[in-house]
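Mapped onto this note's numbering, the consecutive letters of the sequence shown carry residue numbers 5 to 128.
By construction, the Cβ of each residue, glycine as well, lies at the ideal position given by its N, Cα and C atoms.
Written out below as structure tokens is the structure these notes cover.
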Amino acid sequence: MKLHASNTKQYQTVTGYFPGGVEINAQPFDYSLMMLPETPPRPWPVAAFEQLTVEHFEQLLAEQPDVVILGTGERQRFVHPRLSAPLTSRHIGVDCMDTNAACRTYNILMGEGRKVLLALIVEK
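Printed below as a string of structure tokens:
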């Protein structure tokens, strides 16, 4: 699905999503990634939701976001609180949703000027 066409090259905007990946500023990505509005997408070494560890959330914490939007794939799944504890103990919210909803929510929060981190799990 194409979300919208815009000229926001200075910001990382989700411009579409498809089975097995997303499109950021019209460039397709078919692997798990993390990004902030002003930071280009980077690989996030998560092959599957079931493989999430505390260390994965510590990687997200290093970016010092205000909030984390976690895209869990085709369906919404929730992480165990002990996994997201590095973030929540510092009052950084972690919202879990399916990838499509995560992409839309990220764009909204990014458009509001929030320091939102999008973390997407793309399972093969």
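Distance check for PRO85 and ASP99, CA to CA, integer angstroms please. 12 Å
Measuring alpha carbon to alpha carbon, tell me which of PRO44, ALA89, GLY115 ends up nearest GLU59. ALA89
If you draw a straight line from the C-alpha of GLN80 to the C-alpha of MET101, how long is it? Spanning the two alpha carbons is a distance of roughly 5 Å.
Margin query: For GLN14, tell me which candidate among GLY20, ASN29, PHE22, ALA123 has the shortest Cα-Cα distance.
Written below: ASN29
| task | Take GLU42 and list the residues in its own chain whose beta-carbon comes closer than 8 Å to its own, dropping the five residues that flank it on each side. | result | GLN14, TYR15, GLN16
Check your understanding: At which residues does the beta strand (DSSP E) containing GLU139 begin and terminate?
Key -> Outside the displayed span of the chain (5 to 128) sits residue 139, for which this structure offers no information.
- prompt: In terms of alpha-carbon separation, which member of LEU87, PHE53, ASP70 lies closest to GLU78?
  reply: PHE53
Can you find the residues in the same chain that come closer than 8 Å, C-beta to C-beta, to TYR110, ignoring five residues on each side of it along the sequence? VAL18, ILE73, VAL120, LEU122
For the alpha helix (DSSP H) that contains ALA105, what are its first and last residues? 103-115
| message | Between which residues of its own chain and ASN104 is the CB-CB distance below 6 Å, once the five residues before and five after are set aside? | response | TYR21
(request) Using 10 angstroms around the beta-carbon of PRO23, count the other beta-carbons present and answer buried if the total reaches 16, otherwise exposed. (result) exposed
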